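The sequence shown runs 25 to 155 under my numbering.
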Amino acid sequence: MAIELDSITLFPEVSEALAAIRALGLKIGIASNLAAPYAEPVARQLPMVLDAYAWSFEIGFLKPDPMHYRWVCEELQVTPEETLMVGDTLLADFHGARSYGLQAVHLDRSGRAPKPDVPTIRTLVETLAWL
């Protein structure tokens with residue numbers, strides 16, 4: 025397990041994207057269903073302290089449970105309508121977020137054909153076009 029945890033790395037554009045979003049004065053949070061052992065290695069690699077960390081193992085709700093998104097919005101002190109969820113899982117990150125009223129974009133790094141009616145980006149930097 026230690027070898028696996030030590031091998032966790034962020035995608036190359038994550039730091040650039042988060043810095044650009046923060047420069048716009050926007051709040052940034054993470055909403056994740058990761059298992060507990062993975063949270064600290066991920067958080068340690070982030071280039072900054074985020075405004076909210078919604079780890080499912082800590083808050084007690086797994087995405088796509090609406091309570092997960094509610095928790096994030098309350099922690100960030102924002103409404104669902106002014107929140108953009110970007111994630112790589114269609115059910116949990118896109119459809120789940122949309123069902124709670126958040127704006128959502130699917131992050132699909134594979135480059136496969138986009139799904140109809142699903143806004144899709146290929147890198148996190150492309151998030152800036154949605155803000």
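Note that CB positions come from ideal geometry on N, CA and C, so glycine has one too. Computed from a prediction, not measured in an experiment: that's the story for all the values here.
Tell me the DSSP secondary structure of S80 in three-state form.
Helix at S80.
Tell me, which residues are paired with L131 by DSSP?
According to DSSP, L131 bridges with I145.
What span of residues does the alpha helix (DSSP H) with S31 cover, start to end?
Looking at the DSSP string, S31 is not in any alpha helix (DSSP H), and its letter there is neither H nor E.
Using only CA atoms, which one of E37, D30 and E99 lies nearest to L152?
Ranking the options by Cα distance to L152, first place goes to E37.
Can you find the residues in the same chain that come closer than 6 Å, C-beta to C-beta, to I83, ignoring five residues on each side of it along the sequence?
So the list reads W95, once near-sequence residues are dropped.
Quickly, what does DSSP pair M109 with across the bridge? List them, please.
Answer is A128, bridged to M109.
Using the DSSP secondary-structure output, state which residues sit across from G53 in a beta bridge.
In the DSSP output, where bridge partners are listed per residue, G53 has A76.
Using DSSP with H/G/I as helix, E/B as strand and the rest coil, what is F118?
DSSP places F118 in helix when its eight states are reduced to three.
What is the rounded straight-line gap between the Cα of K87 and the Cα of L114?
Looking at the two C-alpha atoms, the distance is approximately 11 Å.
If distances are taken between C-alpha atoms only, which option among V129, A55 and L34 comes closest to D75?
Cα-wise, what sits closest to D75 is A55.
Select from F35, F81, P90 and Y62 the residue whose C-alpha is nearest the C-alpha of M25.
Of F35, F81, P90 and Y62, the residue nearest in Cα terms is Y62.
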